[in-house]
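Trainee:
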Amino acid sequence: MSPKVITGAIGMAAALALSVSTTQAQNLLADPGFEAAPSQPNPILLPGGVNGGWSATFNGANYTAASAETGNLGLEMTEAAGSAWNFEGAYQVIGGVAAGQKYTFTEDFKAATALSSTYGPAYIQLTYFNAAGTDLGTVETGGSGANAIHVSPTGSWATYSVSATAPAGAIYVAPYVAMMENGSQTAIETIYADNGTLTLVPEPSSLALLGMGLGLPFYFLRRRNS
């Protein structure tokens, strides 16, 4: 096989692999680092709030330079001593979801103060909605036990993630960043969040296509040298 044909095949394979990997790895969040003012009201009303960025923060969460991991701003969430199940944070709604697709949501957290609550005070969540805005199901981290995000050690950033597959009828997914206490905390406690990602998990067929694309150059070179 001629060098030009091999070069062309390698180029096509590289483009194929790049196309597959780029599509799957794209961050679907608008303003993942909380750098812009919230552009949507709270609550976001479907479908007007789709793909419009974070909702206005609720229950005391706010954007501040003190909470930035990178960039200028991040999300700050603070609970007073004795707060009982006070839910605060931000969320956004992403369209273009299809049943059977799996999404992964990651978020970086840092505890700015010691956390005394026995409840996992920080968590991230994925909620799926149908065309009418009906909640079809939620997958979250948080709560007590093994799934709790205790955001430890204090003063260090750590990344947490949650994955969930869209159920039948789903066309929207809403990633939430939040803090919630059960009332057992004994002092004012603050958690920061920054640099989130929402990505579509590659399907097995896509992974096979990627592998085929990456393998084509080696196949042609082997044929040429044999």
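Each residue of the sequence shown is one higher than the last, beginning at 10 in the working numbering.
Heads up, the beta-carbon is just placed ideally off N, CA and C, and yes, glycines get one too.
Computed from a predicted model, the values in this text were never measured in an experiment.
(1) Using the beta-carbon count (16 or more within 10 Å), is P176 buried or exposed?
(2) Write down the C-beta distance between Q134 and L38 rounded to the nearest angstrom, noting that I regard them as a contact closer than 8 Å.
(3) Can you name the start and end residues of the beta strand (DSSP E) that W94 belongs to?
(4) Please report how far the alpha carbon of G69 lies from the alpha carbon of V106, in whole angstroms.
(5) In chain order, what residues of the same chain have a beta carbon less than 6 Å from the beta carbon of T73, not counting five sequence neighbours either side?
(6) Tell me which same chain residues have a C-beta within less than 8 Å of the C-beta of F138, skipping the five on either side of it?
(7) Whose C-beta lies closer than 6 Å to the C-beta of E78 among residues of the same chain, with five residues either side of it excluded?
(8) If we ignore side chains and look at the alpha-carbon of each, how far apart do N71 and A93 end up?
(9) Give the range of the beta strand (DSSP E) segment to which Y192 is assigned.
(10) On the CB-based measure, 16 or more other CB atoms within 10 Å of its CB, does G42 come out buried or exposed?
(11) Which one or two residues does DSSP pair with S172 in a beta bridge?
Mentor: Inspection of the coordinates gives the following:
(1) exposed
(2) So it is not a contact: roughly 14 Å between Cβ atoms.
(3) 93-100
(4) 30 Å
(5) E85
(6) L55, V102, D144, L145, A179, I180, Y181, V182, A183
(7) D117, W166, D203, N204
(8) 19 Å
(9) This sequence places Gly at residue 192; Tyr is not what is there. Unbroken run through G192: none, as it is neither H nor E.
(10) buried
(11) The partner list for S172 (beta bridge, DSSP) reads T113.
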